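Residue numbers (the UniProt record's numbering): 1 to 271.
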């Protein structure tokens, strides 16, 4: 799958499936490919990935048919362009709250390589672009996707305006930051939180935009929100799933062995 196919699928109402990848280990992409995902989520907001490492990951996952959706550290259009240069299929901009932020991000992703005053003139008056230039830009940027994180009260209040900016392809809800902004930290099943999430989903689906929520909870949470309209299934992460499975397996082993402890010669505990 490529970014164009991703967009076609979510625009048609289909679902796409991905997970967050933290590890840059060279053997990891092959294992991830076997999971049957449609895309991978690479997060440079909370994960220490430098530009070279990120570009390597983007190129490998894209070559395996797993378009990389990269969250940049801040809603900075310059950073968005450098990440696209490294091979990202889609930009996810965190903590977006204003229409101007969205316009600048659209400029960075949908009007490359334009910059400066020329770009600003076109963003202010999209109809004023020369046809020859428009055809070139449309072709060059045809596979660049833009998703925005909605994860605060101000973003929810401005949601209609934010997602009405031409060039936005989808929304990813940031449940942790949103719950904190709503003064409901990590209360993901609280009725007030669920009401806001439902409103975001409905607004996006009415505009035929992709909509997702990044959850590391049990699969039941993903299923619940998918049944309410979410069609970008962004489930957990490699490190979270590894830790969860390891804890489960060790607990099962210990239970089977009646929690027998094995010691080294110096009496330190191995298990």
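Note that the Cβ used here is the ideal one computed from N, Cα and C, for glycine as well. Since the model is a prediction, treat every value here as computed from it, not as a measurement.
By the C-beta criterion, the region 19-36 is judged to be in contact with the region 238-245, since at least 3 inter-stretch pairs fall below 8 Å. Of 111, 140, 145, 70, the smallest CA-CA separation from residue 129 is found for 111.
Around the beta carbon of residue 121, fewer than 16 other beta carbons sit within 10 angstroms, so the residue counts as exposed. In the DSSP assignment, residue 242 forms no beta bridge with any residue. Under the three-state reduction of DSSP, residue 54 is assigned to helix. Between the alpha carbons of residue 91 and residue 209 lies a gap of roughly 15 Å. Taken through DSSP and simplified to helix, strand or coil, residue 46 comes out as coil. Short of 6 Å from the beta carbon of residue 166, and not among the five residues preceding or following it, lies no beta carbon of its own chain.
Residue pairing by DSSP places residue 232 opposite 16, 212 in a beta bridge. A distance below 6 Å between beta-carbons, with the five flanking residues on each side excluded, links residue 88 to the following residues of its chain, in chain order: 58, 68, 70. Note on residue 223: under 16 other CB atoms within 10 angstroms of its CB, so exposed under the neighbour-count rule. In terms of Cβ geometry, residue 73 and residue 44 form a close pair [threshold 8 Å].
Contact between the region 129-142 and the region 155-165 is absent: fewer than three C-beta pairs spanning the two stretches fall below 8 Å.
Sequence-distant partners of residue 53 (beyond 5 residues in either direction) whose C-beta falls short of 8 Å from its own C-beta, in its chain, are 24.
Residue pairing of residue 181 in beta bridges, as defined by DSSP: absent, with no partner found. For residue 140, the enclosing alpha helix (DSSP H) stretches over residues 131-140. Distances from the alpha-carbon of residue 33 to those of 189, 94, 18 put 18 closest. Residue 99 and residue 151 have their C-alpha atoms spaced approximately 15 Å apart. Here the alpha carbon of residue 47 sits roughly 16 Å from the alpha carbon of residue 216.
Secondary structure note for residue 91: its beta strand (DSSP E) is the uninterrupted segment 90-93. Judged by DSSP secondary structure, residue 202 falls within the alpha helix (DSSP H) whose first and last residues are 191-206. For the set 229, 251, 257, 243, the Cα lying nearest the Cα of residue 14 is the one of 229. Secondary structure note for residue 146: its beta strand (DSSP E) is the uninterrupted segment 145-150.
In the DSSP assignment, the residues bridged to residue 71 are 43, 92.
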